[in-house]
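Peer 1: Numbering (full-length UniProt numbering), first residue to last: 1 to 134. A single structure is presented below for examination.
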């Protein structure tokens with residue numbers, strides 16, 4: 001089972017894409033720290049300083065301004081960027097969940113909705129509230 005989440009972000013696709021791959025930008029909406037610029041084949045260490053948490057992701061494939069694919073634990077994740085007249089639709093798809101693990105599914109869906117909401121606030125209004133969720 002997959003978790004898909006979408007949000008319209010009213011900026012060009014290249015600005016949304018850059019927010020993910022640039023370590024200086026990602027802290028504005030998602031993680032407090034990214035070890036380096038995201039590129040295909042790299043292992044990236046991501047940190048949530050406020051939660052004292054750290055994880056590694058493996059960047060599997062990237063298409064500039066269109067797609068980022070990485071593995072997050074045992075789950076492949078795709079982030080799609082589809083430009084339209086108003087900006088870009090950012091779609092996250094986290095894959096390979098057991099449909100019986102309802103609590104994990106709900107928690108992950110909440111996380112993706114929150115991250116995309118933070119991305120929208122950051123890119124459209126320069127508001128940073130990524131660490132506000134308790």
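Built from N, CA and C at the ideal position, the CB exists for glycine as well. Being a predicted model, the structure only gives us computed values, none of them experimental.
1) From what residue to what residue does the beta strand (DSSP E) around residue 81 run?
2) Do you know offhand how far residue 1's Cα is from residue 103's?
3) Could you give the first and the last residue of the continuous alpha helix (DSSP H) run that contains residue 113?
4) Pull up the distance between the alpha-carbon of residue 91 and that of residue 7, whole angstroms please.
5) State the beta-bridge partners of residue 47 as determined by DSSP.
6) Flag this pair as yes or no: are the beta carbons of residue 3 and residue 116 separated by less than 9 Å?
7) Under 6 Å Cβ to Cβ from residue 84, same chain only, skipping five residues before and after it: list those, please.
8) So, is residue 127 buried or exposed, given that buried needs 16 or more other C-beta atoms within 10 angstroms?
9) Measuring alpha carbon to alpha carbon, tell me which residue in 89, 93, 73, 42 is nearest residue 119.
10) For residue 18 and chain B, any beta-carbon pair shorter than 9 Å?
11) Looking only at its chain, what residues have a beta carbon closer than 7 Å to the beta carbon of residue 14, apart from the 5 residues adjacent to it on each side?
Peer 2: Looking at the coordinates:
1) The residue labelled residue 81 in the question sits at position 81 within the chain shown. Unbroken beta strand (DSSP E) run through residue 81: 75-84.
2) In the chain shown, counting from the first residue as 1, residue 1 sits at position 1. In the chain shown, counting from the first residue as 1, residue 103 sits at position 103. Straight-line Cα distance between these residues: approximately 14 Å.
3) Walking along the chain shown from the start, residue 113 turns up at place 113. First-last of the alpha helix (DSSP H) with residue 113: 102-125.
4) For the purposes of this step, residue 91 is taken as residue 91 along the chain shown, with counting starting at 1. For the purposes of this step, residue 7 is taken as residue 7 along the chain shown, with counting starting at 1. Roughly 7 Å separates the two Cα atoms.
5) If you number the chain shown from 1, residue 47 lands on position 47. According to DSSP, residue 47 bridges with 33, 54.
6) On the chain shown, residue 3 is found 3 positions in, with the first residue counted as 1. On the chain shown, residue 116 is found 116 positions in, with the first residue counted as 1. Going by C-beta atoms, residue 3 is not nearer than 9 Å to residue 116.
7) As a first step, residue 84 is located in the chain shown; it is residue number 84 there, counting from the start. There are no such residues.
8) Against the chain shown, residue 127 aligns to sequence position 127. So residue 127 counts as exposed.
9) Indexing the chain shown from 1 puts residue 119 at position 119. When only C-alpha atoms are compared, the closest one is 89.
10) In the structure shown, chain B cannot be found, because there is only a single protein chain.
11) Translated into the one-based positions of the chain shown, residue 14 becomes position 14. So the list reads 65, once near-sequence residues are dropped.
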